[in-house]
Structures are given as C-alpha cells and as structure tokens.
Amino acid sequence: MQKNNSSENALSPDRRVLVIGGGVGGIRAALDLAESRRDVLLIDKSYAIGGLMTQLDRTFPTNNCDLCTVSPYLSQGARERHLEIKPMTSLTKLEGEAGAFSATLVTEPRFIDTDKCTACGECAKQFPEAVRVTPGLDPRAPTCMRYPQATPFAFSIDMAKVTDIAALKKVCRADAILADDTQSKTVIDVASVVLCVGADLFDPAVLDNYGGGKFDNVVTGLEYERIMSASGPFQGNLKRKSDGRRPKKVAWIQCVGSRGINKGDVPYCSGVCCMYALKEAMVTRERFGDDIDTTIFFMDMRTYGKDYELYFNRARDEYKIRMIRSRPHSIVETAETKNLSITYALEDKPVQETEEFDMVVLSTGFRVGEDTKNLAGVLGIDVNPYDFAATHPFNPVLTSKPGVYVCGVIESPKDIPETMVQASAAAAMAVTDLPVIPKDREMDEMFPPERDVRGQDPRIGVFVCDCGFEIGGVLDVNKLLETAKTHPEVAVARAVGYGCSSESMANIEAMIKENNLNRVVIGGCSPRTHETKFQDLLQRVGLNKYLVEIVNLRDQNTWTHMNVPDQAQSKAVKLLNVGIAGVRKNRPLVDHTLPMSQNALVVGGGVTGMTAALKLADQGIKTYIVERAPSLGGLARSIRKTIEGEDVGVFVQGLVEKVAAHDNIQVLTRSIIVDHSGMPGLFKTGIQTGVRMNYMQIDHGVTVLATGAMANRPAQYGLGTCTNVITQLEMDSLLEEDTARIQSMEQVVMIQCVGSREPENPNCSRICCQAAMKNALRIKEISPDTQIFVLYRDMRTYGFQEEYYRKARDLGVKFIRFSLDMRPKVVETDNILAVHTHDFILDSDIEIAADCVVLSTGLIADDETTEDLALMFHLPRTGDNFFLEDHVKLRPVDMAQRGFFLAGTAHSPKTIRESITQAHAAAGRAQTLLAKKEINLGACVAKVDPDKCASCLVCVRVCPFDVPFINAEGVSQIDADKCHGCGVCAGDCPAKAIQLLAYEDDQILAKLDGLFER
Amino acid sequence: MITAEQKPIQEIIQYIAPYGRILLVGCNECVTVCAAGGRKEVGLLASALHLNSLKQGKTIDIKEITLERQCDPEYVEELAPYIDGADAVLSMACGCGVQTVAGRYKKSPVFPAVNTRFMGASLGQGVWAERCKGCGDCVLGITGGICPVARCSKHLLNGPCGGTSNGQCEISPDVDCAWRLIWERLKALGMENRYEDLMNAKDWRPGGAGGPGKIIREDLAQ
Amino acid sequence: MSFQAKLTSGEFVVLAEMDTPKGVDISDLVTNVRYLKSRVDAVVIPDLDSGVMHLGALAAGAVMRQQGMEPLIHVCGRDKNRMALQSDLLAAHVLGIHNLMVVKAEEMINGDHPDAKIVDDLDDLGILSMIRSLTTGTDLAGFELRGKPQFTPGIAIPPIVDQADLEKQVADAREKIAAGAAYIVLQPVFDLTFYTQIIDAFTSLNVPVIPSVFLLKNVGMARYISINDPDSRLSEDMIRRIRKARDREAECIAIAGEMIHALKGISRGIKISALGWEDRLPAILDSAGL
Amino acid sequence: MNTESRLEKILASGALAVTSECGPPRGARPEKVKEKAALLKDHVDGINVTDNQTAMVRMSSFAAGIIIKQMGLDPIMQMVSRDRNRLAMQSDIIGAYAFGINTMLCLSGDHAKFGDHPMAQGVFDIDSVQMINMVRRMRDEETFQGGAKIDGAPKMFIGAAANPFADPFELRVMRLAKKIKAGVDFIQTQCIFNLDKFEEWMKGVTDRGLDEKVHILAGITPMKSVGMARYMKNKVPGMDIPDAVIKRLEGVSKEQQPEEGIKMAVESIERIKEIKGVHGFHIMAIEWEEKVPQIVEQAGLYPRPKV
Amino acid sequence: MEKFEPEIVAFCCHYCAYTAADMAGSKRISYPSNVKIIRVPCTGKVDAIHLMKALEKGADGVYVAGCLEGDCHFKNGNIRALARVDRVKKVLTELGWEPERVAMVNMSAGMGEKFARTAQEFTETIKKLGPSPGKLTGNGNKVAS
C-alpha cells in the first residue's frame, strides 16, 4: 500500500504538495492533486486516515451509510501512485516560501511493520491494553482499529503499555512487531501546504447543567453515531449505557456549547448540528419506527444547505419528529431509572416545563484543538479569535501565508459537501505553486498485463459484502453463499465484510489468484457507484475488467425490503443467480480511447465563472467564457459590500480586468449556447455570439456551469406596488448612495424568508439572513437611532455569521419571530407603511410603523435558462430548477454527466465567498479530468457481424448519432470511437447482426435464465 | 425488393397445431430488410409460439435457423440436417423461398409464416411502398421515372382519371395520384410534350400474363 | 432562372444566408451548399459587416460559383476605401458574382477587432452610385473601364422601430432606389402583423421586397432576442411555444417554415438566415413547403 | 358520317345535342329500365346506360342498352376498363352492335374500392384512351386490337368522358387532346358547377382548335338539396362545387331547394350555350330522371330535332 | 391457493430508471420485492425479444423503465423502446395473453418515489391478472435454443 514511494520521484522531479490531515477533506484534496498527476504527501497524526466521517453512522441528506460512502475514496487513496500517505506523522517546522518550502516531519513509532501486518488481530486479542483503540465512547469496541476499513490496514502499538515485549512478539505470526521502532524525522521539499486538520468536537463535560460525561445516558451526537454504527460498540444496536436497554424516548439538545455566552460556550454556530440531529432522529425513527419517540430542542432550525429544508420538512412531517423551540435549562438524572428530566421554557409560556426522557443526545459543535493551535504557529498562519484559520475575504482557502491553504472545518464550521468543495478548491490553489505540467508528459501505466481467459471454462468467484448492517443486517449472507455454491461453475463463494475496504479488496485479490478465478461476482451496493472500483481490482490481478458482475444487494434490495427480510433473502438469491448466470457469458473487452480536448468552456461570466476561468487558464488551459450579458460580472455587479465590509465592486472589476488580459481566456459576451454534441473530453458546443448573433463552435474537453441564479422578486408584502417596500439588494445600494435617506428613517422593518421556505419554493435561500444582518448593521452605523425590526422564522446566521447576529442584537435590533400560518402583513395607507405581525413572546398581534420595509428575497434558479441548458447538455436539475450535482455529499462539484462541473449559485444559493470557493473547486476538478489526456470510451459499443448483416440500413437510420454506415464491403460498419453505446441499433437490427458489447443478447438472456431457472 | 409481412399469428398457429417439432426458417434477404422474416423476426415468432403453447399447456420444440437466401437451392440444402428432426417447416421467406424449401423437402409439410405483399421501395425507417408490378415491359423511361402501372390505382397508362382531387388519388387522400407525379416530373424535366404521346395497349405477357415467367440466360445456364 | 431574372420576371425568390468560416476550412460551406442546389436561388454571403473578421465574401462567392450556386455578397464601406471597393467589385464580376447587397456595417466596438481603424470612405448611397458608375463603364475618378461589369445591387433595411422610423426608412430607401438599388431586403420577422405593414410600405417603392426569416434555435436565443432587441417584437407566445415543444429544435424549424409560408403570399421573396445551422436549411425549406 | 348513331346525326346537323342517363337496376327487372327510359323518351337524343356505376353491381349496360334499343330509343352504352379485359370488351362491343347499339362511351371507371365489392381485382387491362383507340380501329380498320380482321366491324360512334375540374388542371386539355388523338368522336363532361373554370378549360380547348375535332357535351346535374351539394363537394372525387352554389341553396327553404336546383341547372345551360365549342348537353339527374324533361324544356332545348 | 407472488422483470436504463431505483433505496422507500431489475445502458437496447423471452421463461410481467420522454441520454432510445413494448403488447393480444403484462414507464434519475410507485402499481396490476397464462397449465415447456 505504501510502496509507491520509490517510483514517485522517478516519475516527476516536481516538488510535492503536503496535505496535513487525512479526513475526507484531506483525502479529497490529496486525490484531486494526485488525479491531476501532481505528487502529494498526505500526513495524519492518527494511525489511520479517515477522520471524523469514518466514525459517523449515516450522512445527511441521503442517509447513506457513511463508511460505504467514504470508503471507496479511502482505498482509492492507497492506490493512486502520485499519492503517499504517512500516518502518525506531524509537521514540526516549515521554512522557506511558497513554491519552495522545506517541511520537517516527525513520525511517531507504530511498533508495527505495516508491510507485514495482516491485521489478524491476535495482538489486540491478547494484549488489548497495549493496542491503540478508538477514543471516546469505546472501551467496548469490538475492534481496536478505528473502523474496519482502516487505511493503512495495520495495527498500532502503544509500547509504553507493553509489559512483555517478547510475549507480544511471539503472538504476532506475521513477525510484524518492531519493538525498537523509534520516532523518525524527515525533511522534505514541498511547494505548498494544504491544511485540513478539521476540528475537535466540544466536550460537554465542562458544562454543569447537562450532565455530559456524568450521566450514563447523556451522550454527544458523535457518541450516538457510534452507538448506531454497525462498526460501533453495540454493532449498531441502540442501547443505553446504563442498562443496555433500548431507549423509548430520546431527546436532542441543540447548540450545546455553541451560540452561547456562558462558561465554556463559543459564540459562533457550528453549522452542522441541526442537520446531524435531524439525521440521527430520522435514522432512529427509520430503524425503530414508532417504538421510539424522538424530540429535538432547538433555538433556530438551521437547515440552510441545498435541499436541506426539504429534509427538515420530511423529518417533521413524515418521520413525525417532535420539534420544540427552546433551549433547555438543565438535565437531572433520576437515580434508580437513570432516566433524564429536561427542564425547559416555551417561547409563549412563562412557566417551566419538565419532561422525562430515556436518553439525551447533546448536539455539540466544533472546537479547535490544542494540537491545531500549535500547528498554526508552526505554519505561521494567522488565526481568528476562536483559533480557526484566518482567511482571505474573497477566498476562504487562502491563509495569511502564501503557499499555505486551508479547507474544511479548520477554516470555519461546515458540513461534508462544503468541506469537499473547499478541499477541491484548496487543491486547485495548491497547484498554482507548482510549475505547469509539460503537455507531453507520459501517462502512467497502472496495471499488469491481462491474462487470456478465452476458451477457459468459467471459474467464478462470488463475494458478498455484508456492508456492516446494511446488507448483513437484513440478509443471511451465509445462506446466500450456500446457494451460490450450488452453481457448478462457482469455485469460491465468500463473505467479505465491507467489500470495498482495502482489506477486503486485498482478500478478494488473493482469492482470485489462489483459485485461478476467471470471473467474479460481487454482491454489494450499486454498480453505479462501485463497478469501477471492482473493475480496477480485476485489472490489478490481471483479469479483464469486464469479467465482473456487480449484484445490487443493497440499494435495490436490503434498503428497500429491510422490513421484509424473508423477501429480501429470496430476492437476493435470485439477484445473485442473475449475476452468476450473466457473468458466465461475460467476455474480455477492450476499452476505446480518444485524445481529449484540452480546452475548457465556462458558461456564465459572473464572479464564479471568471474565477474558474482564471484558475483553468493559469494552468495553461485554453478557456472560453460564454456570457449572455454584454459584459462580465453577473449578479455581483449589483452587490456593494460583503458582510465583512469588503467592497465587491472593486473586487469584480479586478477580476474582469484579469480575465480580459489573460492570454488563455477568450471571452464571448452577448453569447447564447444553441447546440451541443460530443462526449466528455471531446465536446463541441455551438454559440451565437455578438449583436449579429454570429455562430461559432467551440471544442472543449470540460464544461464549468457557472450560470448563477436570479434575484427573487416575488409580488409579496407590497413589493413592486409600494415604493418604500424594497429588497435587501436595493437596500444595499441605498446604503451606499443615499445616506441621507437612511438617516431620515425612524423605523425599518425587515422581513425574512420572502419567497423562500414556502410551498412554491420550499428551500432556504441561505444568504438572506446574513444579508439582513449586513444591512441592519450598516443602517445602525449610518443612523444609530433608526429602529430596526427583523421579522424572521429561524435566524440562519451559520458559522461565524452568528457574530453579526449577536452584534445586531447588541445594537438594539429587534427580532420578532413569525410563522407561516401567521405571516406579517404590510399595509400602506396614505403612503405610510405599517407592518402587522404576531409576537409570540407577548402572544399578541402588534403593528409597527415603517419608513421602509426591506424584504429578504433570496435567490431562485432561472428556470428557463437552466431548463434550456439542461436539455442541451442532458443534465439533471433539482425540483426547484437548480442544477443537480452528481452526489450531494461527496461530489458536490461534479455533475452526473462526466465532464461537467458546477459552481456558484447555479448549484444553490450561496455567498460570493462560497461561490468563489466552488469556482476554484470546479476548476480543480476539471483539471483532474483533463489530466487524463485521453478519453476512455469504455467497451460498451455496438459491433456488427458482417456475415449476418443484410445491409438493410436500419442501423444507419435509427442511430441517434449517425454513426453506422455501409462500408466498401457492403455491410454496416460502426466505428467504436464514435459509438455512444446506447444499443438502439442492436435492438432494431432485423438480422440480429449487431450486438452491443457488454450487453449482448446472450448475456441478457443468460440473466433471465438465472432469474427463472432455479 | 420483395416486401412481406407476418401472417396473423392465429393463422400460423393453426397451420402448425398438429405438429410438435417445428423447423422455423428465416431468410436473410428481402424479408430481413423489410423486417418480416429475418433472424430477429424468427426469434420473435418462435417466442410467440412458445408463449402460445405454454398457454395451451402443450409442448412445442422449435428449431430456429435463418438461411442466407431461401430461394436458392444451395442455401436451402443447409436445412437437410434438421429436416428429419422436425414435423413441419414454417418458412418466413417470401413465396419463392417457401416453394424452394417445399420443393426440396417433399416429405415435410412447409407452411408460410408471412404474406408476400409486393415489390417495394423503402421510403424511410419502417415504411415500404409498392413501386413495381413486374409488368415485364418497363415504361419508366417515358413516364418520368414514376410507374403508372404500380402507382396508379387503375394502372392507367395515358393520364389521370377524373377522380384526382388535390393531387391525390380518388381511393385515398394518402395516395398520391401517380399521374400528377408523372406530370410534375415531366414538367421539371421539360418533357411536357411527351405526355400526349399515345401509349398503346400494353402487352402483359412478359409480366406473367403469358404464363409463369422464366428467364434463361443461355450464356450462364448449364 | 437567375436571381436577377426572377427579380424582373416577378417570380418568388428564395435566398439563404451562409456564414463563411473564421479560417480557411470551407468544408462545411461546400457541404451545406450542395444540399441547397435547385432549392434556393442564391446564397447570401455576409462580409465583414458583422464586425467579426472571417473569410471574405468575395472568395466565398467564388466558391459558391464553383459549386454551381449563385452568390449574393454583402458590400459595406466601413473597412475599405473606394479604391479597394472598386477593385473588389471588378474582381467580383470576373469571378461571376453579380448580385450585391449594400449593407450598413455593425459598430466596430461590438466586433472582435474593436481597435481596428474605421475607413468609412463611402456611405451606402456613395457605394450605390459607385456601382452604377462602374456598370456604365467609368470608375469614380472618371476613367473609362476596359469592359463593363454587371451587377444587381440591393439594399438591406435596418430593424424598424416604429411608424415614424418606418417612414424615414422608406424615404431613405427611395433615395437608394433612385441611386440604383434593385431590391430591398428586410430584417427578420417575428411578428407578422406588424411586418405586413412594413412590407406594404416598402412595396410601394416598386422594387421587389424580400423579408428575412431567422431560425431561432432554442428558448435561450429567443429570450435573448426578445430582451436585447425589443423592436423584433418576438412574442412571449412564441417563446412559450418553443418551451412547450417536445422537440424544441423541430419546433423552431417549424416556426421558421410557417413564417416563410405566410410571407410567400405577401412578398416577392424570402431570405433565410440559419446562423450557422445551414445544415438545417433543407429542413426549413421542407417545412415551408418550398 | 361514320355511323348510324342518332347522336352523330344531331351533332352533324349543327344542333345542340341533349343526352341523359339511365342507371340500370340492381336486379333482373327489365321494367325498371323501361320506366326510366320512358321518362326521357322525347326529350333526349341518346340515353347513357351506365356500367356498374360507382363500382356497384348492376344490370350490364349491354343488356339494359338492348332493352332501351328495343323500345326504339337510342342507348349510349358505357363501358369501363375496370371489369373487363380487352377480349371481353371487344366481344361485348360486337355483340351490342349486333343488337343495334351504335353509340358508346369509353371510361376507366370508379375504383372498386368505392363499391360493394372492394375486394375485387380491378382488371384495367387497357385504359380508357386505349379503349377509344381500340374501338376506333375496330370501326375504321376493321381489326381487333390483337390485329385480326373483323368480319363485320362494329360501327360505333365513340364517346369519352372529360373532367375539366380534376387536377392537374393544365393536363386536362392535353388529356382531351390525347383522347382525340386516340379517336374519340364526342365528349361528355363531368357535372359543371364551377362555370368559370369550365370556361377556362373550354378556352384551352378552343385555343388548340380541339373543338373542331370533337363534339363536347357539357355535363349538367340539378341539385336536389343543399345536402346533396355538400356531399358532392366533400365526398365525390373530382367534383368542383363552388361555395356560391351551396350558399345559394342554403338561401332558400328546404322545400324550395329542388326547384332552386333546377333553376340553377337551367341557368347553367343558358350560360354554357354561349361558350364556343360546346355542342350539346349531357344531363345527369341522379335518381331524378323525371326532372330531365322539365330542364330540357325550360332551357329551350325542346322539342328535339328530328334526324 | 397460496398467495400469488408474481415474478416481475424490469429492464432499467442506466442513467435514469436504474439510478431512480438506487435512489428509492437510499431513501429507504419500499416497493414489492417481486420486481427484479436488469440493467441496460439505454432502453433503446431492450429488444422485443427480451420482453418475450422473459415471459417465456416464466415472468408474470415485464416492464421497461427509461428516462422521461425528451430526456433520453441517447436522444430517443426510450421512444424506440416504447414502440417495441407496443409491438409486444400487440403480439400478446393476438395470442390471447393480457397485454398489460408488458409496459413502458418513464422516470428521471431523481424520481426514487416514482420508481417505487411504478413497481408497486405494476405489481398490483400483475397480481390482479394472476399468474402468467404460461404457468396456469403447470406444464413446463422445454425451451430450445
């Protein structure tokens, strides 16, 4: 796994990028760099990479199993040849400057030779005290590695705790114990550093009111995740620590340690806790149904991410999770039952309520750890008052020190998708300190030569992944394997735990070799996500990658039939039979390739588009920006200041000038995309450009969608009819242009969520709360006596924005909550505005006179445009017409259609800073694709049998891409490099002369046989 | 090209009802091109017959084979190894093919599975139209390349009847009046004057009126 | 029958516009024109008037001739002085190009060479009288030519904003007809009712009036025109129609076809601009029933 | 004078000829033929006997013609190429002639699709033009179509139909020329309602001098009702019924429509009389034979000249 | 009689319907386990013969699930698939089988609910129809290849 070290220097004389921190962010950054064929060293102070995410049970909003989602990335990490991983290593010194740093690394002794360790577990079994275990809740952990798919897959010894070294050595049959292992120090040259160390989670033991760390049945969110996790201490069974009983009533308390002013609290919002609490509650309800009552105590429900509001609605309406808007005062443990009484006050009731629960989960947020504080010192970067990295106002991945970049939670609290975006952005930035890759550099050879299996009888290996609980919890995997073994051609049938973990992959490889298998069936999750991974596995053992069939036992079986295990079992048997029958007919196939276009097309010339274009162009990529407006700038042109007070106009102008001056960028304004063809890496897009609408075609390998969104202007609350009802965007201008008018205002009312979080546009627009705070503070600055009322539903000033919310409150801005069924009314009489609303605290209706009503209207997708582009580019969209990324969690920048990348508000509403980050990320992701230099067209192409062809022209006529033609021999010919592989010709050929490789008729019929024969 | 279309399946079922083992023979020529009797249609028909026997609770054994051409004895010879294993032959070729097979394997009942329709040209994917009657005495040279025998409902040789409306034939607005087409084409070619040449009563013998047609090329025939 | 002959005989003329490549690869041009033979009377080739540097109309016109297609080239005075204009026209005649359209060039600032120097030696009227002069055998300096070139010049009318503008444009056109313009090409039509008035107004000048039909390609393009060129009177209904269509491209072609069909009754010809989708011209002609 | 045909004699005399038609019954009742023929007796110069009109089986025109002949009237035997090949045609022609039928009309016939035997195979061995030519050669050259000599040639006065309204219009005059070339003696046209178009056609005919080579009898049909007019406009192939005709009929009450129809027919005849080249009228009163005498009288075509 | 559990084959295109099925899984939406999916790159690949063979081999119902009309990743594969499904329906009718045993459905990749609903509805339909006519007689059929 670590043997890449030797080859890496030979391959490239370039300096490396040092990535510090092996969580999802660090892994993403490292993989992006490696995929862009940049050498990278990933260090982590722990003995295995994976970070926090590996400890989670499920991720929101898809409720996927975390391990399943992240593990492909982990083992991919081990395989990338440009990537070296050094666990148990930290940075102790950084000298030099961007492009030429010298980094001193210290690696702690592991006392185990990772090359020899087979992770058999004997040492842990016999010397449990000496083998490092997962921290936190985990004295009862069944395994002493952090999680089953650990990378590297090896143990680690705490030698200080070893009493009898000889005995320990004896236990290890692999002779992997290195008793005299010592700390080692290395100094390496690096060009840039990416810091993604994440943050620690707040330890609630310091609080005296919630009993964290004191009461058995009060756990933190992470501990709850561990309890629920199949790899956790209870193998996924929900139990109380006190009595092992399954709780009947669980409560979540939000903002524990966050958004507070008390001892131990931090003032900022941790950004993720609302979502994870909702997720935990939903998963609980999902698993145990009505048996468990779930309640969440919260102040503001901050579901501000893409489609998160829908998730919240589902939790409340479908999963019937009880939501109580309150910050509980305290928790008291009942001595005999160990149940917990929560005391809280309701908004509209003066009296305190008390309610008993079986278990309480404290939603704790992020804190910067002591190690990290030191690391900031070593790196020499500035930090903010809470010890998070201080970053550039318009580029959150830039630290105060050139050449050092950050991503993830250490920049500010954030969730996984945002971490992934920042990671890709940071990787893209880190590349700028490296020289541009010479265009003629050779591609890497990855795999050994293929074994010829033609003519051999099938020897099939069936490997079923239990996927922790996901499959094994529903199916009897062993019984399944027994059935598989009855097929005469099945030589091996085994269960492989987490099949996609490095360990299992290595196991499968070994079994293929040992048993001389020539066909493989994997029973696990969807081939959509995992087929490539197992195809690579086959290639590593010298088998053609098309000799594997993936049987979807999880997404299409255990997940949908979890409540009827018998049915799931019998369906699994059949699906496996289909796979086995099908794989017998699989043939070795050759992938076709074409050279890739090294141009990029950026659609949209706003801040996002320009940023992405500059990034690409700087890497020597010819970039076209297509913008329909007469000039660049987009929506940012109408924004004056950011909440941090930065001048947006100056920034945008700077970008425009840089773009205009760049040799590698061609700007096409007044341009409309009208047609599109080709394939990822070789696109051709037609554009009408200029006042005369001249037509031109652009060849490009990748496309970045940065089409932005539209400022919403719903005809509500008198917008458009009353002159003094304006939007925050208009207020933003007013503040710069007409201070006198601001000063003349006695009372200003702001209304939040206008046109958002409503049935016709159910999502949160994310930016409006901070926009309101920004403008409220500016009004106060210009005119301290102006009274400001903010009518809100939930204040969503996530992360450090919370500070501005607090500041506004301190300055006397009044916040009055409203609900959808009691929404405010704006009344205009004789040019005088009044706002009527209900005050929940007073429990009465009130009227506020207003000189100006400012509506926080947010952003909506430009339906017409996204639809037009989606049709041309064949891209999916969300229900509210934004573009839909490939995977909301792990691939927030990539589109499902390869070669398309998404950034900025075309993805979802976001701030300029966030848009810029995603722009960098998109550019970085685009580079990983372009770095491949050639397009793999796959092997799924139509093939004509000239002996059968009747030259009937049916294929010529039905092909949607005009590929087949009748050649000089008088028979149909389909060029593999042009064929898109849809199989329409094969479906219509009256002579059955055409077969679609990988989906040949006999393969499909064999699958049907597999389904019905037994 | 000869065009054909599959017979109603019930008719086919009736033909083969008495038999248990069927040799289903396709042809890779015209009937493949017009999607009536190629390999694919053979497969579909076999499957349909299986479905039928399943419903009837009977057993049927169908051997599918598609010959390069059923109207050539050499290709038809390829059936020899299978003929004894079949109780009946179901041919998806045009009438020429069916007869060639029936002529070669005299002991086996041979049934047609398609109706041979006409000599047609392809107008596009999945559309064929009659273009030639095989009259044996081609007049296309004087009718602007449009055949009045095949394309006029009344085979009129001297011009349109009085039933043309809006340029379409009286039998259906979907059918072009052949003579309207001929006239337009003659005009486009500047051959308007050719129209008034009287076309004499046709000699129908070469097209079959003189008994079954036969061509013998002395230089080629053995 | 030639374009010129059709103009005089009163037959309906069909013109198709074809852009030249920015570069020297004329394969698309040649391929596309092959499908138009015997379907259009002449191919209109814009020159640099679009503001984008590309292969000149003179050369492309000669290519059309080689392909057996009659060319009609744009002539504008922005980039060439009278020396260059005259010599190019003599060259045009020699290359078999006799149909001209005198057009006003786009502003340079919107083009791809905004820094280029603008010549503007002759205006439209000046060019028309220059053409007349050449055809009578004299150049602008009064020297006699050896052999007289022959041309059929026309003019293109810019978009009409309103009634007043219409009257002004008609007056201008009258002057240009007096200076030798033999036909009038109108801007693209999206609103037939308003357009009929325009056609009628120009028809009163007694030269053939040829409206243009513009192939929209998708909603984005239609929207762009409706926002940036309100004078086009491209309606919301039309945008909605494209948006609702199952096959938007086919719908756009159908719209162009319908427009042509409708104009057939009220004008003397039609100019079709497919703007780069020249390979769809046959489909448009089919749709229009031409 | 080529034949003994009464029609030929009338036309030769320069008088306007009048013919009408009689559809044979769908059954073996001779009295039906007689009844119909008797209605027309004094008012026409020849009675067309249709041949399986609209592709419905009827008594053969040959047999019905004999019945009429035996009444002492002058049948015009229609013959379509749809139902007979050239052998059957020629044998019928000499047979008819043997019974004294000396005038005939050569047609291609409605397509079998419209009739009561749509599954029938249309023969169409020869077309109407070829039939004209065949009959002419039988008469003038005394040879069968196959070339053999006829012993006792049928001296038929040969007619054919012309539809001035079917398209392509420009072909209509040429088609007439073709029939003339083939040897036709007289033409009965399709029912004329669009007089402007008929005039245009006739102008084409006279411009080419064709009126001097053939006698043209203009087809007249009285409209019984507006329903009939609409039906003919929409359903009958090759018909040209201007909207004005329908409007005019709509303008009067249902009871008055038959009278209006007859009035219109008479007006048409009056107008067509003025057209150069028209030598007579062929009045087709579909299932309304009893009105023919009235029309003939009102149009000033009565009494018929004696020849 | 034992409760009839039909055997149903769904040919799903990779881009839309198969993804929708995965989506149904990740949203934990349940649908009858009777439905077994066979993945194809595009429904345009699904030959009429595949549908017939599935019935022949023992399926009680077969459906083809492709992208929404107009959204096919290969332009019009789903339209072609629909035509083939219609043809098979015709053949079944002629044979006296219920044409409802085959169907074409369309959905986008994001429509996990629609996938589940479709599976549910189709299963209901087939349950109402009862076992395939080919199974009623209990007389197995040797399929010659």
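Residue numbers (our numbering), protein chains in the order written: chain D, 175 to 1188; chain Y, 8 to 229; chain H, 136 to 425; chain V, 160 to 466; chain B, 72 to 216. Yeah, the Cβ is synthetic: ideal placement off N, Cα and C, and Gly gets one too.
- Remark: fewer than three beta-carbon pairs, one from each stretch, lie closer than 8 angstroms, so the segment 287–303 of chain H and the segment 241–256 of chain H are not flagged as touching.
- Ranked by Cα distance from V/Ser287, the options Y/Gln175, Y/Thr171, Y/Leu52 and Y/Asn165 are led by Y/Asn165.
- D/Asn569 is bridged by DSSP to D/His566.
- Taking 8 angstroms as the threshold, the shortest C-beta distance from Y/Lys161 to chain V falls below it.
- With fewer than 16 neighbouring CB atoms inside 10 Å of its own CB, D/Asp821 falls in the exposed class.
- The C-alpha of D/Lys789 is placed about 48 angstroms away from the C-alpha of D/Met333.
- When secondary structure is reduced to three states using DSSP, Y/Ile23 falls in the helix class.
- Shown here for D/Ala1150: same chain residues with a beta carbon closer than 6 angstroms to its own, the five before and five after excluded, namely His766 and Val1115 in chain order.
- Under the three-state reduction of DSSP, V/Thr302 is assigned to strand.
- Cβ-Cβ separation between D/Val833 and D/Met870: approximately 19 angstroms, too far for a contact (criterion under 8 angstroms).
- In this structure, DSSP gives Y/Cys37 a helical state, which the three-state scheme calls helix.
- The Cβ-Cβ distance between D/Ala563 and D/Cys370 does not fall below 8 angstroms.
- Taking a cut-off of 8 angstroms on C-beta distances, the segment 348–361 of chain H touches the segment 1037–1053 of chain D, as three or more cross pairs fall below it.
- Identification of chain Y residues near D/Cys1156 by a Cβ-Cβ cut-off of 9 angstroms yields none; the smallest Cβ-Cβ distance measures about 16 angstroms.
- Counted as a single uninterrupted DSSP element, the beta strand (DSSP E) harbouring B/Gly137 occupies residues Gly132 to Gly137.
- At a cut-off of 8 angstroms between beta carbons, Y/Ser129 makes no contact with chain B.
- The C-beta of Y/Thr107 has 16 or more other C-beta atoms within 10 Å across all chains shown, which makes the residue buried.
- Near chain H, meaning a CB-to-CB distance below 8 angstroms, the residues of the segment 823–852 of chain D are Arg844, Ile846, Ile847, Val848 and Asp849.
- A direct Cα-Cα distance of roughly 53 angstroms separates D/Ser1089 from H/Leu260.
- Closer than 8 angstroms at the C-beta level to chain Y, one finds these residues of the segment 276–288 of chain V: Gly281, Phe283, Asp284, Ile285, Asp286, Ser287 and Val288.
- A Cβ-Cβ separation of about 18 angstroms leaves D/Thr1091 out of contact with D/Ser210 under the 8 angstroms criterion.
- Apart from sequence neighbours up to five positions away, the residues of its chain that approach D/Glu483 with a beta-carbon distance below 7 angstroms are Thr477, Arg931, Pro936, Asn937 and Cys938, ordered along the chain.
- The three-state secondary structure of D/Glu723, taken from DSSP, is strand.
- No residue range can be given for D/Glu624, since it is assigned to no beta strand (DSSP E) and is classified by DSSP as neither H nor E.
- In the DSSP assignment, D/Asn689 falls within the alpha helix (DSSP H) that extends over Ser676 to Asn689.
- Listed by position along chain Y, the residues whose Cβ is nearer than 9 angstroms to that of B/Ile79 form an empty set, because the closest Cβ is around 17 angstroms away.
- For a cut-off of 8 angstroms, the C-beta gap from D/Ser586 to D/Phe974 is around 6 angstroms, short enough to register as a contact.
- Put simply, the backbone Cα of V/Glu409 is about 21 angstroms away from that of V/Asp355.
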